[in-house]
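Numbering (the numbering used here), first residue to last: 385 to 457.
To start, the structure under review is shown below, and the notes come after it.
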Amino acid sequence: MAIQIVMDRSGDSRHHFNADDAQDLARAEQRFYELTNAGFAASVRSGPGQVSQIRSFDPTVKETVFFPRLVGG
């Protein structure tokens with residue numbers, strides 16, 4: 385079971401999906417592109433204590449974390 389974690393002002397929301405289920409996978413892919421098109425950055429673990437940003441949906445990733453765009457400074 386894979387998970388997409390969406391960080392926002394209220395904390396986070398978690399969306400589990402089964403990559404072997406075509407409908408689950410389609411919903412996860414749609415969520416990925418809706419979030420990234422809305423300005424969220426998608427990140428995956430690339431090693432111990434390391435993350436990498438991804439720009440396209442990868443159904444083999446077990447955990448994707450979406451961070452909102454930072455505004456201001």
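Glycine included, each C-beta is placed from N, C-alpha and C at the ideal position.
Distance, Cα to Cα, residue i vs residue j?
{"i": "L409", "j": "T448", "result": "13 Å"}
{"i": "A425", "j": "F401", "result": "19 Å"}
{"i": "Q414", "j": "T420", "result": "10 Å"}
{"i": "A403", "j": "K446", "result": "9 Å"}
{"i": "V428", "j": "R398", "result": "15 Å"}
{"i": "L454", "j": "S430", "result": "22 Å"}
Which partner residues of residue i appear in the DSSP bridge assignment?
{"i": "M385", "result": "None, per the DSSP bridge assignment."}
{"i": "T448", "result": "Q388"}
With C-beta atoms as the reference, is residue i less than 8 Å away from residue j?
{"i": "D396", "j": "I387", "result": "no"}
{"i": "F451", "j": "M391", "result": "yes"}
In chain order, what residues of the same chain lie with their CB nearer than 6 Å to the CB of residue i, ignoring the 5 residues before and after it?
{"i": "F416", "result": "F441"}
{"i": "G423", "result": "R453"}
> Can you list, in chain order, the stretches of the alpha helix (DSSP H) that have 4 or more residues and sit fully within the stretch 399-441?
Replying inline: 406-421
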